[in-house]
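The UniProt record's numbering applies: residue 1 is where the sequence shown begins, and numbers increase by one. Where a beta carbon is used, it is the ideal one built from N, C-alpha and C, also for glycine. A short worksheet on the structure shown next.
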Amino acid sequence: MLKFCDVNFKYKNESRMLIENLNFHVDKGEFVSIIGPSGCGKSTIFRLISRLEQVSSGDIFINNDNINSLNKCVGYMPQSDLLIPWRTILENASLPMEISSKNKKEAKDKAEEFLKIFGLEKYKNSYPKDLSGGMKQRVSFIRTLLTGAEVMLLDEPFSALDAITKISMQEWLLDQWSSLKKTILFITHDVEEALFLSNKIFVVSEKPITKLKEVEVPLGYPRDRHMLSKGEILDIKEELVSELKQRVEL
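Here's what the structure looks like:
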């Protein structure tokens, strides 16, 4: 589904590579979390997949097509919801389709359909300032969905939320992923969040990034919080936290 082949990258103002000969793949329909210390390059991987940055060398493929040959690549949901304050919730949600199709009515009809599915229909004429943090993240998720992309990149989408809302949004996201069958890559600093959500976890354990350590999460779906107290999950959590502590100076 998604494949990195010998990817190299460095920012123009940097002397050393940030990513060097990196290879990894993500299968269709997987939920993969990426964890690692701040500044290690996790978000740069997303920027390369979404073509906000260009690789120095190497190739990135989606469904065996080079991303540079694709018109529609991925849906990217950043940490901040980035909703436009002067547009209504409906207008914010419909923006990707509005841009791509130029048909405002069709875009709004589709956005309204998704707002209804996700329980936000009664807020369609409200503005971002009128919504809670969790509601705004749902609108941002809908907007990402309406790009029509098969691969969704979620960059710490719940990090700014309070603890209870964060738990609620994690459970909500798993429900959406189960029904929508999208491929999701999810950046987080929260090891427990990664364990609860993911099929597998990629750990950034070195700089420059030459490989991603792959950790399988031995839990099936559907999931609940009690699963996180299993002995094997607690062992994995302890191992991951210990590894991240050792890499804080990356």
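Checklist entry - Thinking C-alpha only, which one of CYS5, PRO37 and ARG47 is nearest TYR11? => result The residue given as residue 11 occupies position 11 in the sequence shown. Checking every option, the nearest Cα to that of TYR11 belongs to ARG47.
Checklist entry - Roughly how many whole angstroms lie between the Cα atoms of PRO78 and GLU156? => result Counted from its first residue, the sequence shown places residue 78 at position 78. Counted from its first residue, the sequence shown places residue 156 at position 156. One C-alpha to the other measures close to 7 angstroms.
Checklist entry - Taking the C-alpha atoms as reference points, what is the distance between ALA107 and GLU239? => result Reading the sequence shown from its first residue, position 107 is the one you call residue 107. Reading the sequence shown from its first residue, position 239 is the one you call residue 239. Rounded to whole angstroms, ALA107 and GLU239 show a C-alpha spacing of 46 angstroms.
Checklist entry - Between the stretch 115-123 and the stretch 223-237, do three or more beta carbon pairs fall short of 8 angstroms? => result With a cut-off of 8 angstroms, the stretch 223-237 and the stretch 115-123 do not count as touching, because too few Cβ pairs lie within range.
Checklist entry - Nearest CA to the CA of MET17: which residue from SER242, LEU2, SER56 and ILE34? => result As a position in the sequence shown, residue 17 is number 17, starting the count at 1. Taking only the C-alpha atoms, the option nearest MET17 is SER56.
Checklist entry - Which one or two residues does DSSP pair with CYS5 in a beta bridge? => result The residue given as residue 5 occupies position 5 in the sequence shown. Residue pairing for CYS5: DSSP places it in a beta bridge opposite ASP59.
Next on the checklist: Restricting to runs no shorter than 3 residues, where is the beta strand (DSSP E) found entirely within the stretch 57-137?
Outcome noted: Counting whole runs of 3 or more residues, the stretch 57-137 contains the beta strand (DSSP E) stretches 57-62 and 74-77.
Next on the checklist: Once DSSP output is grouped into helix, strand and coil, what is the label at LYS213?
Outcome noted: Here residue 213 corresponds to residue number 213 of the sequence shown, with the count starting at 1. Of the three classes helix, strand and coil, the one that applies to LYS213 here is strand, per DSSP.
Checklist entry - How big is the Cα-Cα spacing for ILE35 and ILE19? => result Taking the first residue of the sequence shown as 1, we reach residue 35 at position 35. Taking the first residue of the sequence shown as 1, we reach residue 19 at position 19. Rounded to the nearest whole angstrom, the CA to CA distance from ILE35 to ILE19 is 15 angstroms.
Item to check | C-alpha gap between GLY133 and SER159, whole angstroms | outcome: For this step, residue 133 is matched to residue 133 along the sequence shown. For this step, residue 159 is matched to residue 159 along the sequence shown. About 11 angstroms.
Item to check | Residue from LYS166, VAL191, LYS3 and GLY148 with nearest C-alpha to SER94 | outcome: Residue 94 sits at position 94 when you count from the first residue of the sequence shown. The shortest C-alpha separation from SER94 is found at GLY148.
Checklist entry - With DSSP run on the structure shown, which of helix, strand or coil describes LYS237? => result The residue labelled residue 237 in the question sits at position 237 within the sequence shown. The DSSP-derived three-state label of LYS237 is helix.
Checklist entry - With 16 as the cutoff for other CB atoms within 10 Å, does GLN170 come out buried or exposed? => result Counting from 1 along the sequence shown, the entry for residue 170 is found at position 170. By the neighbour-count rule (16 or more Cβ atoms within 10 Å), GLN170 is buried.
Checklist entry - What residue range is occupied by the uninterrupted alpha helix (DSSP H) comprising LEU195? => result Locating residue 195 in the sequence shown gives position 195, counting from the first residue. LEU195 -> alpha helix (DSSP H) spans 191-197.
Item to check | Environment of SER69 [buried if 16+ CB atoms lie within 10 Å] | outcome: If you number the sequence shown from 1, residue 69 lands on position 69. So SER69 ends up on the exposed side.
Next on the checklist: Tell me the DSSP secondary structure of GLU20 in three-state form.
Outcome noted: Within the sequence shown, numbered from 1, the residue matching residue 20 stands at position 20. Looking at GLU20 - three-state DSSP - the assignment turns out to be strand.
Checklist entry - Which word fits PRO96, buried or exposed, when buried means at least 16 other C-beta atoms lie within 10 angstroms of its C-beta? => result Here residue 96 is taken as the residue at index 96 of the sequence shown, counted from 1. By the neighbour-count rule (16 or more Cβ atoms within 10 Å), PRO96 is buried.
Item to check | For ASP27, the three-state DSSP class (helix, strand or coil) | outcome: For the purposes of this step, residue 27 is taken as the residue at position 27 of the sequence shown. Residue state, collapsed to three classes: coil.
Checklist entry - When burial is assigned at 16 or more other CB atoms within 10 Å of the CB, is GLN137 buried or exposed? => result Here residue 137 is taken as the residue at index 137 of the sequence shown, counted from 1. By the neighbour-count rule (16 or more Cβ atoms within 10 Å), GLN137 is buried.
Item to check | LYS181 (DSSP reduced to helix, strand or coil) | outcome: Counting from one through the sequence shown, the residue named residue 181 turns up at place 181. Three-state result, LYS181: coil.
Next on the checklist: Please state whether the Cβ-Cβ distance between SER38 and PHE186 is less than 7 angstroms.
Outcome noted: Counted from its first residue, the sequence shown places residue 38 at position 38. Counted from its first residue, the sequence shown places residue 186 at position 186. No Cβ-Cβ contact shorter than 7 angstroms links SER38 with PHE186.
Next on the checklist: According to DSSP, SER33 sits in a beta bridge with which residue or residues?
Outcome noted: As a first step, residue 33 is located in the sequence shown; it is residue number 33 there, counting from the start. According to DSSP, which records beta bridges pairwise, SER33 is partnered with PHE186 and ILE201.
Item to check | Complete beta strand (DSSP E) runs within the stretch 144-179 (minimum length 3 residues, chain order) | outcome: Correct list: 151-155.
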